[in-house]
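Sequential numbering from 2 applies to the sequence shown in our numbering.
For each residue, glycine too, the CB sits at the ideal point set by N, CA and C.
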Amino acid sequence: SADEPDKMVCARIRPGSEIGRKAKVGNFVETKKAKVEEGAKISHLSYIGDARVGAYANIGAGTITCNYDGYNKFFTDIGAGAFVGSNTALVAPVKIGDGAYLGSGSVITKDVTADALAVARGRQFEKGGWAAAFRAAHEGTKKISSGE
């Protein structure tokens with residue numbers, strides 16, 4: 002029915018996960034001990050573990066919760082109506098406030114307040130002609146790997 006969660010064929014919903022009414026867990030999404038609240042969307046290519054995704058939040062493609070440091074598991078709390086841009090890494094423990102926006106490609110390591118914009122990525126720079134100079138300097142020296 003229209004009120005049921007939308008779980009795609011290739012989603013992996015691991016033990017301890019709860020998927021709310023009208024929530025979407027799409028293709029190639031994995032959840033583990035995650036609470037995905039009503040109307041939240043995790044459309045594709047994401048890992049959400051040890052986390053809460055608030056009601057009507059949107060999780061962009063390629064988002065992961067980094068919940069394990071090699072010894073312990075930590076929790077990520079994503080607020081209601083939050084928007085997480087594609088290819089974002091949320092390094093737990095971290096709390097994202099209701100209605101907050103996270104810029105695509107960010108690595109979020111600190112809490113984000115409600116209705117704020119957080120962008121955490123290196124500034125793009127360009128060095129004109131660099132690639133051509135690099136190729137010229139290495140012309141004739143390319144080694145073919147044997148794959149060993």
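For residue i, is the classification buried or exposed, using 16 other Cβ atoms within 10 angstroms of its Cβ as the cut-off for buried?
i           : result
residue 120 : exposed
residue 114 : exposed
residue 45  : buried
residue 66  : buried
How long is the line joining the alpha carbons of residue i and residue j, rounded to whole angstroms?
i           : j           : result
residue 81  : residue 58  : 5 Å
residue 134 : residue 141 : 14 Å
residue 106 : residue 126 : 16 Å
Residue i: which of the options sits nearest, CA to CA?
i          : options      : result
residue 88 : 122, 51, 64  : 64
residue 1  : 77, 132, 139 : Past the edges of the chain, shown from 2 to 149, lies residue 1, and the structure says nothing about it.
residue 93 : 70, 99, 100  : 70
residue 15 : 137, 51, 123 : 51
residue 75 : 96, 55, 56   : 96
Between which residues of its own chain and residue i is the CB-CB distance below 6 Å, once the five residues before and five after are set aside?
i          : result
residue 85 : 60, 61, 64, 103
residue 17 : 34
residue 31 : 13, 48
Spatial neighbours of residue i within its chain, please: CB distance less than 7 Å, with the 5 preceding and 5 following residues excluded, ordered by chain position.
i           : result
residue 131 : none
Grab me the residues of residue i's own chain with a C-beta within less than 8 Å of its C-beta, minus the 5 sequence neighbours each way, in chain order.
i           : result
residue 101 : 80, 83, 84, 113, 114, 115, 116, 117, 118, 119
Could you tell me whether the region 37-46 touches the region 19-29, where touching means 3 or more Cβ pairs closer than 8 Å?
-> yes
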